[in-house]
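Sequential numbering from 571 applies to the sequence shown in our numbering.
A short write-up of the structure that comes next.
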Amino acid sequence: MPAEELPAASVERAIRIVLSEVAALAHDFDGRARDVLYAANIMLFRPGESLPSGRTALTERLRFAEPETDLTALEGVLDLCVELSTTTQAEDYGPDKDLQPMALPVPRVKRSPDGRRSRVLPGAPRAYSERLLDIYADTHTLGQWCREKGDFSETVCTQVDDYFRSQQSVRSFVAVPLMQLRDARPLAVLNIHRNSEGILRTRAGSDPEVLDQFSALLGPFSSTLLLLLARLDRSTALGAPSVSGSQGVRH
Numbered sequence: 571m572p573a574e575e576l577p578a579a580s581v582e583r584a585i586r587i588v589l590s591e592v593a594a595l596a597h598d599f600d601g602r603a604r605d606v607l608y609a610a611n612i613m614l615f616r617p618g619e620s621l622p623s624g625r626t627a628l629t630e631r632l633r634f635a636e637p638e639t640d641l642t643a644l645e646g647v648l649d650l651c652v653e654l655s656t657t658t659q660a661e662d663y664g665p666d667k668d669l670q671p672m673a674l675p676v677p678r679v680k681r682s683p684d685g686r687r688s689r690v691l692p693g694a695p696r697a698y699s700e701r702l703l704d705i706y707a708d709t710h711t712l713g714q715w716c717r718e719k720g721d722f723s724e725t726v727c728t729q730v731d732d733y734f735r736s737q738q739s740v741r742s743f744v745a746v747p748l749m750q751l752r753d754a755r756p757l758a759v760l761n762i763h764r765n766s767e768g769i770l771r772t773r774a775g776s777d778p779e780v781l782d783q784f785s786a787l788l789g790p791f792s793s794t795l796l797l798l799l800a801r802l803d804r805s806t807a808l809g810a811p812s813v814s815g816s817q818g819v820r821h
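Listed below in structure tokens is the structure:
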């Protein structure tokens with residue numbers, strides 16, 4: 571079978587193999603014991619103009635947004651496909667069993683009217699919007715981050731608190747935009763997390779030099795993931811079957 575006609579499920583597996591290496595890279599970079607779980611996943615960006623209006627499966631899995639949020643009014647959403655995830659303890663490069671499908675909003679307006687507060691959620695949305703790596707040493711502080719630095723309702727802040735306190739496998743994480751050119755719109759965001767605080771040696775605060783070192787090591791993996799995401803988009807467009815029902819990458 572020509573490479574262009576590979577089933578989407580085969581491309582998804584190839585992506586999980588690369589994600590497994592990414593999680594292992596973060597593990598080795600930190601020098602952690604083998605019982606510390608590392609995981610990686612991809613959230614695909616879907617532009618607001620391509621999203622359906624009204625109640626859909628996508629709105630059902632939208633997290634940390636006001637109930638009246640109109641998807642088409644957003645810049646877009648970052649959509650997590652569980653098939654594009656794995657962990658350092660997964661068998662045969664299987665998906666991360668602790669994850670559930672979810673989508674996160676990316677607003678068109680990034681700041682409050684006075685410019686002091688962010689309307690972009692920390693993590694994947696912020697990495698996407700700022701085109702920069704975004705890292706958090708303790709996910710239990712994210713609700714407070716939203717209250718102090720964000721322009722979010724208390725309902726959303728509480729949802730953030732509740733979610734991360736229930737996700738013991740995600741105690742610290744880093745989000746990395748995946749883009750072909752520095753100024754281009756990212757196609758997706760790569761998330762790497764572990765089940766203890768201080769990923770990428772951040773217990774004492776983020777060290778730019780350390781993060782630059784990790785970014786350099788991550789570069790070849792990011793390039794490979796971009797190639798595979800483009801292949802996934804072509805496979806889906808050709809109608810190749812996928813075990814996840816992936817919609818591919820939307821530009």
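Idealized CB from N, CA, C, for every residue including glycine.
Okay, do the stretch 628 to 641 and the stretch 777 to 793 touch, 3+ Cβ pairs below 8 Å being the bar?
Segments in contact, no.
Burial state of P778, where buried means 16 or more other Cβ atoms lie within 10 Å:
The residue given as residue 778 occupies position 208 in the sequence shown. P778 comes out exposed.
Buried/exposed call for H710, threshold 16 Cβ in 10 Å:
Mapped onto the sequence shown, residue 710 falls at position 140. Counting C-beta atoms within 10 angstroms of its own C-beta, H710 has fewer than 16 neighbours from the protein chains shown and is therefore classed as exposed.
Return yes when the Cβ of T658 is within less than 9 Å of the Cβ of A609, no when it is not.
Taking the sequence shown and counting its residues from 1, one reaches residue 609 at position 39. Taking the sequence shown and counting its residues from 1, one reaches residue 658 at position 88. Taking the C-beta atoms as reference points, T658 is found nearer than 9 Å to A609.
Going straight from the alpha carbon of D704 to that of S805, what length do you get?
Within the sequence shown, the letter at position 134 stands for residue 704. Within the sequence shown, the letter at position 235 stands for residue 805. Each residue's Cα considered, the two are about 31 Å apart.
Only counting the same chain, and skipping five residues up and downstream in sequence, which positions put a Cβ closer than 6 Å to that of T642?
If you number the sequence shown from 1, residue 642 lands on position 72. The beta carbon of T642 sits closer than 6 Å to those of G618, L621, S623, all from its chain and outside the five residues before and after it, given in chain order.
Cβ shell of Y829 (< 8 Å), same chain only, five flanking positions each side left out
Summary: the structure shown does not reach residue 829, with the chain confined to residues 571 through 821, and so no result is reported for it.
Can the beta-carbon of C727 be found less than 9 Å from the beta-carbon of R735?
Sequence index remark: in the sequence shown, residue 727 carries index 157 (1-based). Sequence index remark: in the sequence shown, residue 735 carries index 165 (1-based). No; because the gap between Cβ atoms is not below 9 Å, this pair is not in contact.
Here's a check: name, in chain order, each residue in its chain whose Cβ is nearer than 8 Å to the Cβ of L644, leaving out the five neighbours to either side.
For this step, residue 644 is matched to residue 74 along the sequence shown. Contacts found: G618, L621, P675, V676, P677, R678.
How would you label G713, buried or exposed, when you count the other beta carbons within 10 angstroms and need 16 or more for buried?
Numbered from 1 along the sequence shown, position 143 holds the residue referred to as residue 713. Around the beta carbon of G713, a 10 Å sphere encloses 16 or more other beta carbons of the protein chains shown; the residue is thus reported as buried.
Do you know how far the Cα of R696 is from the Cα of R648?
Position 78 of the sequence shown, counted from the first residue, corresponds to residue 648. Position 126 of the sequence shown, counted from the first residue, corresponds to residue 696. Inspection of the sequence shows that residue 648 is occupied by Leu rather than by Arg. Approximately 11 Å between the Cα atoms of the pair.
Helix, strand or coil for D598? Go by DSSP, reduced to three states.
By one-based count along the sequence shown, residue 598 stands at place 28. D598 falls in the helix class under three-state DSSP.
Quick one: Cα of D668 to Cα of S682, how far?
On the sequence shown, position 98 is the one that residue 668 refers to. On the sequence shown, position 112 is the one that residue 682 refers to. Going by the C-alpha atoms only, they are around 34 Å apart.
Compare the Cα-Cα distances from A594 to each of L798, T725, L788 and report the closest residue.
As a first step, residue 594 must be located in the sequence shown, where it is residue number 24. A594 has its Cα closest to that of L788, out of L798, T725, L788.
Cα-Cα, which of A579, A754, L654, S655 is closest to E700?
The count along the sequence shown starts at 1 and reaches residue 700 at position 130. It is A754 whose Cα lies nearest to the Cα of E700.
Here's the rule: buried if 16 or more other CB atoms are within 10 angstroms of the residue's CB, otherwise exposed. What is G646?
Here the question's residue 646 lines up with position 76 in the sequence shown. Under this definition G646 is a buried residue.
Where P622 sits in the DSSP three-state scheme
Sequence index remark: in the sequence shown, residue 622 carries index 52 (1-based). Judged by DSSP in its simplified three-state form, P622 adopts coil rather than helix or strand.
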